[in-house]
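> The structure under discussion is supplied below as C-alpha coordinates; questions concerning it will follow.
Numbering (this note's numbering), first residue to last: 5 to 305.
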(Lines of atoms letter the chains of each structure in order from A and count residues from 1; the text may use other names and numbers.)
(Lines give C-alpha, C1' and ligand atoms only; values in the text may rest on other atoms or scores of the structure.)
Protein backbone atom coordinates (compact mmCIF):
# COMPACT_ATOMS: atom_id res chain seq x y z
CA UNK A 1 0.00 0.00 0.00
CA UNK A 2 1.30 3.45 -0.92
CA UNK A 3 1.88 5.61 2.13
CA UNK A 4 0.33 9.09 2.39
CA UNK A 5 2.16 11.69 0.29
CA UNK A 6 5.03 9.31 -0.54
CA UNK A 7 7.23 10.22 -3.48
CA UNK A 8 9.79 12.74 -4.71
CA UNK A 9 9.32 16.49 -4.14
CA UNK A 10 11.23 19.61 -5.04
CA UNK A 11 11.75 21.81 -2.00
CA UNK A 12 10.60 24.74 -4.07
CA UNK A 13 12.77 27.84 -4.23
CA UNK A 14 11.41 31.38 -4.07
CA UNK A 15 11.43 33.97 -6.85
CA UNK A 16 12.62 37.40 -5.72
CA UNK A 17 12.79 40.76 -7.45
CA UNK A 18 16.12 42.53 -7.87
CA UNK A 19 15.73 44.16 -4.44
CA UNK A 20 15.02 40.86 -2.67
CA UNK A 21 11.25 41.15 -2.32
CA UNK A 22 8.94 38.26 -3.20
CA UNK A 23 8.21 38.34 -6.93
CA UNK A 24 5.10 36.49 -8.08
CA UNK A 25 6.16 36.56 -11.73
CA UNK A 26 9.56 35.03 -11.10
CA UNK A 27 7.93 32.51 -8.78
CA UNK A 28 5.60 31.44 -11.58
CA UNK A 29 8.53 31.03 -13.97
CA UNK A 30 10.45 28.96 -11.45
CA UNK A 31 7.45 26.81 -10.54
CA UNK A 32 6.63 26.15 -14.19
CA UNK A 33 10.13 24.86 -14.79
CA UNK A 34 10.11 22.59 -11.76
CA UNK A 35 6.76 21.15 -12.80
CA UNK A 36 8.36 19.91 -16.04
CA UNK A 37 10.67 17.60 -14.09
CA UNK A 38 8.12 14.83 -13.59
CA UNK A 39 8.33 14.83 -9.80
CA UNK A 40 5.56 13.71 -7.47
CA UNK A 41 5.04 17.25 -6.31
CA UNK A 42 6.24 20.44 -4.67
CA UNK A 43 7.17 21.22 -1.07
CA UNK A 44 6.31 24.91 -0.79
CA UNK A 45 7.67 27.43 1.70
CA UNK A 46 10.47 25.39 3.24
CA UNK A 47 14.10 26.12 4.00
CA UNK A 48 15.00 25.99 0.29
CA UNK A 49 12.44 28.72 -0.25
CA UNK A 50 14.25 30.98 2.25
CA UNK A 51 11.26 30.71 4.59
CA UNK A 52 13.33 31.68 7.61
CA UNK A 53 13.85 35.09 5.99
CA UNK A 54 10.31 35.63 4.70
CA UNK A 55 7.36 37.14 6.51
CA UNK A 56 4.16 35.14 7.02
CA UNK A 57 2.27 37.27 4.50
CA UNK A 58 4.95 36.62 1.88
CA UNK A 59 4.78 32.88 2.49
CA UNK A 60 1.00 33.09 2.20
CA UNK A 61 1.34 34.91 -1.12
CA UNK A 62 3.75 32.26 -2.36
CA UNK A 63 1.33 29.49 -1.39
CA UNK A 64 -1.38 31.15 -3.44
CA UNK A 65 0.77 31.75 -6.52
CA UNK A 66 2.12 28.19 -6.55
CA UNK A 67 -1.32 26.66 -6.06
CA UNK A 68 -2.66 28.67 -9.00
CA UNK A 69 0.27 27.78 -11.25
CA UNK A 70 0.13 24.07 -10.37
CA UNK A 71 -3.57 23.81 -11.24
CA UNK A 72 -4.14 20.86 -13.56
CA UNK A 73 -0.54 19.62 -13.32
CA UNK A 74 -1.34 16.61 -11.15
CA UNK A 75 1.39 17.65 -8.71
CA UNK A 76 0.90 16.91 -5.04
CA UNK A 77 1.41 20.06 -2.98
CA UNK A 78 2.80 20.09 0.56
CA UNK A 79 2.83 23.46 2.32
CA UNK A 80 5.61 24.00 4.81
CA UNK A 81 4.07 26.16 7.54
CA UNK A 82 6.80 26.21 10.18
CA UNK A 83 6.74 29.89 11.14
CA UNK A 84 8.56 31.26 14.22
CA UNK A 85 5.28 31.36 16.16
CA UNK A 86 2.43 28.89 16.46
CA UNK A 87 0.01 31.65 15.42
CA UNK A 88 1.90 32.19 12.17
CA UNK A 89 2.03 28.45 11.51
CA UNK A 90 -1.71 28.10 12.06
CA UNK A 91 -2.39 31.03 9.72
CA UNK A 92 -0.37 29.39 6.94
CA UNK A 93 -1.88 25.96 7.62
CA UNK A 94 -5.46 27.19 7.42
CA UNK A 95 -4.78 29.05 4.21
CA UNK A 96 -3.21 25.91 2.71
CA UNK A 97 -6.46 24.08 3.46
CA UNK A 98 -8.51 26.80 1.75
CA UNK A 99 -6.25 26.70 -1.30
CA UNK A 100 -6.52 22.93 -1.69
CA UNK A 101 -3.04 21.79 -0.67
CA UNK A 102 -2.69 18.06 -0.07
CA UNK A 103 -0.49 18.09 3.02
CA UNK A 104 1.36 20.21 5.56
CA UNK A 105 4.84 20.16 7.02
CA UNK A 106 6.64 22.14 9.68
CA UNK A 107 10.06 22.22 11.26
CA UNK A 108 9.94 22.46 15.04
CA UNK A 109 9.91 25.89 16.70
CA UNK A 110 13.49 27.08 16.98
CA UNK A 111 13.62 30.81 17.76
CA UNK A 112 14.36 29.94 21.42
CA UNK A 113 15.70 26.82 23.19
CA UNK A 114 12.24 25.26 23.48
CA UNK A 115 11.72 22.26 25.75
CA UNK A 116 10.65 18.89 24.42
CA UNK A 117 7.23 19.47 25.96
CA UNK A 118 6.84 22.80 24.17
CA UNK A 119 7.80 21.23 20.85
CA UNK A 120 5.34 18.37 21.34
CA UNK A 121 2.59 20.86 22.23
CA UNK A 122 3.36 22.86 19.08
CA UNK A 123 2.95 19.83 16.85
CA UNK A 124 -0.17 18.69 18.70
CA UNK A 125 -1.82 22.08 18.11
CA UNK A 126 -0.77 22.20 14.46
CA UNK A 127 -1.78 18.61 13.67
CA UNK A 128 -5.22 19.09 15.23
CA UNK A 129 -5.92 22.41 13.51
CA UNK A 130 -6.72 20.92 10.09
CA UNK A 131 -7.60 17.59 8.52
CA UNK A 132 -4.53 17.62 6.26
CA UNK A 133 -1.79 15.06 6.93
CA UNK A 134 1.20 16.65 8.65
CA UNK A 135 4.84 15.82 7.93
CA UNK A 136 7.13 16.76 10.81
CA UNK A 137 10.67 17.84 10.11
CA UNK A 138 13.90 16.71 11.76
CA UNK A 139 16.56 19.17 10.57
CA UNK A 140 19.34 19.78 13.11
CA UNK A 141 21.32 21.98 10.70
CA UNK A 142 18.41 24.45 10.77
CA UNK A 143 17.19 24.14 14.36
CA UNK A 144 20.55 23.81 16.08
CA UNK A 145 19.84 20.49 17.79
CA UNK A 146 18.59 17.01 16.95
CA UNK A 147 15.32 16.01 18.56
CA UNK A 148 15.50 12.96 20.86
CA UNK A 149 14.23 9.68 19.44
CA UNK A 150 11.55 9.44 22.13
CA UNK A 151 10.21 12.89 21.26
CA UNK A 152 10.08 12.11 17.55
CA UNK A 153 8.16 8.90 18.25
CA UNK A 154 5.73 10.81 20.46
CA UNK A 155 5.20 13.36 17.69
CA UNK A 156 4.65 10.63 15.10
CA UNK A 157 1.98 9.19 17.41
CA UNK A 158 -0.07 12.39 17.35
CA UNK A 159 -3.39 12.16 15.45
CA UNK A 160 -2.98 13.78 12.05
CA UNK A 161 0.78 13.27 11.81
CA UNK A 162 1.50 11.17 8.71
CA UNK A 163 5.28 11.05 8.69
CA UNK A 164 8.59 12.86 8.85
CA UNK A 165 11.05 14.65 6.63
CA UNK A 166 14.36 13.40 7.98
CA UNK A 167 17.24 15.74 7.11
CA UNK A 168 19.94 14.32 9.30
CA UNK A 169 22.96 12.10 8.79
CA UNK A 170 21.99 10.03 11.85
CA UNK A 171 20.85 7.08 9.78
CA UNK A 172 20.71 4.85 12.85
CA UNK A 173 18.00 7.13 14.24
CA UNK A 174 16.12 6.81 10.93
CA UNK A 175 16.34 3.03 11.25
CA UNK A 176 15.01 3.13 14.81
CA UNK A 177 12.15 5.43 13.84
CA UNK A 178 11.08 3.16 11.00
CA UNK A 179 11.21 0.14 13.29
CA UNK A 180 9.17 1.95 15.95
CA UNK A 181 6.54 3.38 13.56
CA UNK A 182 6.74 1.47 10.26
CA UNK A 183 3.37 2.75 9.03
CA UNK A 184 4.49 6.39 8.86
CA UNK A 185 5.81 8.04 5.69
CA UNK A 186 9.54 8.74 5.70
CA UNK A 187 11.19 11.33 3.46
CA UNK A 188 14.96 11.73 3.29
CA UNK A 189 16.22 15.28 2.96
CA UNK A 190 19.91 15.15 2.05
CA UNK A 191 20.06 15.11 -1.76
CA UNK A 192 23.71 14.07 -2.02
CA UNK A 193 23.15 10.86 -0.03
CA UNK A 194 19.52 10.12 -0.89
CA UNK A 195 20.50 6.56 -1.83
CA UNK A 196 21.56 5.94 1.77
CA UNK A 197 18.17 6.94 3.16
CA UNK A 198 16.30 5.06 0.45
CA UNK A 199 18.31 1.90 1.13
CA UNK A 200 17.08 2.10 4.72
CA UNK A 201 13.47 2.33 3.59
CA UNK A 202 12.70 6.01 3.00
CA UNK A 203 9.47 6.39 1.03
CA UNK A 204 10.69 9.39 -0.93
CA UNK A 205 12.79 12.51 -0.89
CA UNK A 206 12.41 16.26 -0.59
CA UNK A 207 15.33 18.36 -1.74
CA UNK A 208 16.72 21.63 -3.03
CA UNK A 209 18.57 20.35 -6.07
CA UNK A 210 15.39 18.61 -7.25
CA UNK A 211 14.42 22.09 -8.55
CA UNK A 212 16.93 21.59 -11.38
CA UNK A 213 17.69 17.86 -11.30
CA UNK A 214 14.23 16.47 -10.69
CA UNK A 215 14.51 14.04 -13.59
CA UNK A 216 17.72 12.65 -12.12
CA UNK A 217 16.12 12.03 -8.73
CA UNK A 218 13.10 10.37 -10.32
CA UNK A 219 15.49 8.10 -12.21
CA UNK A 220 17.38 7.42 -8.98
CA UNK A 221 14.14 6.61 -7.18
CA UNK A 222 13.21 4.26 -10.01
CA UNK A 223 16.59 2.53 -10.00
CA UNK A 224 16.30 1.89 -6.28
CA UNK A 225 12.79 0.47 -6.69
CA UNK A 226 14.06 -1.80 -9.47
CA UNK A 227 16.97 -3.03 -7.35
CA UNK A 228 19.51 -1.66 -9.84
CA UNK A 229 22.25 -0.67 -7.41
CA UNK A 230 24.96 0.17 -10.00
CA UNK A 231 22.58 2.52 -11.81
CA UNK A 232 21.52 4.09 -8.52
CA UNK A 233 25.15 4.60 -7.50
CA UNK A 234 25.96 6.28 -10.82
CA UNK A 235 23.01 8.66 -10.49
CA UNK A 236 23.83 9.45 -6.88
CA UNK A 237 27.38 10.32 -7.96
CA UNK A 238 26.00 12.98 -10.32
CA UNK A 239 23.94 14.43 -7.47
CA UNK A 240 26.99 14.48 -5.21
CA UNK A 241 29.05 16.25 -7.88
CA UNK A 242 26.40 18.95 -8.18
CA UNK A 243 26.00 19.40 -4.42
CA UNK A 244 29.75 19.53 -3.86
CA UNK A 245 29.98 22.51 -6.20
CA UNK A 246 27.02 24.20 -4.49
CA UNK A 247 28.54 23.83 -1.03
CA UNK A 248 31.61 25.75 -2.16
CA UNK A 249 29.58 28.83 -3.16
CA UNK A 250 26.55 28.54 -0.88
CA UNK A 251 23.65 26.27 -1.72
CA UNK A 252 20.80 28.71 -2.34
CA UNK A 253 22.86 31.46 -4.01
CA UNK A 254 24.49 28.76 -6.12
CA UNK A 255 21.16 27.32 -7.15
CA UNK A 256 19.91 30.75 -8.22
CA UNK A 257 23.10 31.30 -10.20
CA UNK A 258 22.60 27.91 -11.88
CA UNK A 259 19.05 28.88 -12.83
CA UNK A 260 20.39 32.14 -14.26
CA UNK A 261 22.99 30.25 -16.28
CA UNK A 262 20.11 28.33 -17.85
CA UNK A 263 18.33 31.56 -18.77
CA UNK A 264 15.94 31.74 -15.81
CA UNK A 265 16.39 34.73 -13.53
CA UNK A 266 14.95 33.83 -10.10
CA UNK A 267 16.39 36.96 -8.52
CA UNK A 268 18.83 37.10 -5.61
CA UNK A 269 18.69 35.35 -2.27
CA UNK A 270 17.44 37.52 0.57
CA UNK A 271 20.08 39.17 2.74
CA UNK A 272 21.99 38.18 4.68
CA UNK A 273 22.21 35.07 2.45
CA UNK A 274 24.94 35.71 -0.12
CA UNK A 275 27.28 33.79 -2.37
CA UNK A 276 30.53 32.79 -0.72
CA UNK A 277 32.65 33.16 -3.84
CA UNK A 278 33.00 36.24 -6.08
CA UNK A 279 33.00 34.02 -9.17
CA UNK A 280 29.85 32.10 -8.24
CA UNK A 281 28.06 32.89 -11.50
CA UNK A 282 31.01 31.68 -13.57
CA UNK A 283 31.34 28.50 -11.50
CA UNK A 284 27.66 27.67 -11.91
CA UNK A 285 27.73 28.44 -15.64
CA UNK A 286 30.53 25.89 -15.95
CA UNK A 287 28.78 23.37 -13.72
CA UNK A 288 25.56 23.22 -15.72
CA UNK A 289 27.58 22.51 -18.89
CA UNK A 290 29.42 19.49 -17.49
CA UNK A 291 28.64 16.37 -19.52
CA UNK A 292 27.64 14.48 -16.39
CA UNK A 293 25.09 17.12 -15.39
CA UNK A 294 23.83 18.90 -18.52
CA UNK A 295 21.73 15.95 -19.80
CA UNK A 296 19.61 16.04 -16.64
CA UNK A 297 18.66 19.71 -16.78
CA UNK A 298 15.85 19.55 -19.32
CA UNK A 299 12.19 18.70 -18.96
CA UNK A 300 10.96 15.16 -18.49
CA UNK A 301 9.95 13.40 -21.70
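The beta carbon of each residue, even a glycine, is placed where N, CA and C say it ideally should be.
Can you tell which of 146, 300 and 101 has its C-alpha closest to the C-alpha of residue 117?
If we check each option's Cα against that of residue 117, 146 comes out closest.
> What are the boundary residues of the beta strand (DSSP E) that includes residue 108?
Where residue 108 is concerned, the enclosing beta strand (DSSP E) stretches over 107 to 110.
> For residue 217, I'd like the list of residues in its chain whose CB is within less than 6 angstroms of its CB, leaving aside the five on either flank, ordered along the chain.
Correct list, in chain order: 300.
> Near residue 286, what residues of its chain come up, given a Cβ to Cβ distance below 6 angstroms and the 5 sequence neighbours on each side ignored?
Closer than 6 angstroms at Cβ, skipping near neighbours: no residue.
> By DSSP's criteria, residue 126 is part of a beta bridge. Which residues make up the other side?
In DSSP, residue 126 forms no bridge with anything.
> Alpha carbon to alpha carbon, how far is residue 280 from residue 113?
When rounded, the distance between both Cα atoms is 28 angstroms.
> Given this structure, state the Cα-to-Cα distance separating residue 133 from residue 143, to the nearest angstrom.
For residue 133 and residue 143, the distance between alpha carbons rounds to 23 angstroms.
> Taking residue 214 as the reference, which of 30, 27 and 35 has the closest Cα?
Residue 214 has its Cα closest to that of 35, out of 30, 27 and 35.
> Could you tell me whether the Cβ atoms of residue 277 and residue 54 are closer together than 8 angstroms?
In contact: residue 277 and residue 54 (Cβ atoms closer than 8 angstroms).
> For residue 73, count neighbouring Cβ atoms within 10 angstroms of its own Cβ and tell me buried if that reaches 16, exposed if not.
Buried, by the Cβ-count rule.
> Taking buried to mean at least 16 other C-beta atoms within 10 Å of its own C-beta, is residue 237 buried or exposed?
With fewer than 16 Cβ atoms within 10 Å of its Cβ, residue 237 is classed as exposed.
> I'd like the list of long-range same chain contacts for residue 38, defined as Cβ closer than 7 angstroms, with 5 residues on each side in sequence excluded.
Excluding positions up to five away in sequence, the list reads 14, 16, 46, 215 and 218.
> For residue 290, tell me which candidate among 79, 261 and 7 has the shortest Cα-Cα distance.
For the residues 79, 261 and 7, the minimum Cα distance to residue 290 belongs to 261.
> Roughly how many whole angstroms lie between the Cα atoms of residue 137 and residue 245?
Roughly 34 angstroms separates the two Cα atoms.
> Taking the CB atoms as reference points, tell me whether residue 158 and residue 124 lie closer together than 8 angstroms.
Taking 8 angstroms as the Cβ cut-off, residue 158 and residue 124 qualify as a contacting pair.
> In or out: residue 154 buried (at least 16 other Cβ within 10 Å) or exposed?
Residue 154 comes out exposed.
> Tell me where the beta strand (DSSP E) around residue 84 begins and ends.
First-last of the beta strand (DSSP E) with residue 84: 80 to 84.
> For a quick check, are the C-beta atoms of residue 162 and residue 131 less than 8 angstroms apart?
Going by C-beta atoms, residue 162 is nearer than 8 angstroms to residue 131.
> Just to check, is the beta-carbon of residue 97 closer than 7 angstroms to a non-hydrogen atom of the ligand GTP?
Here there are no bound small molecules, and the ligand GTP is not part of this structure.
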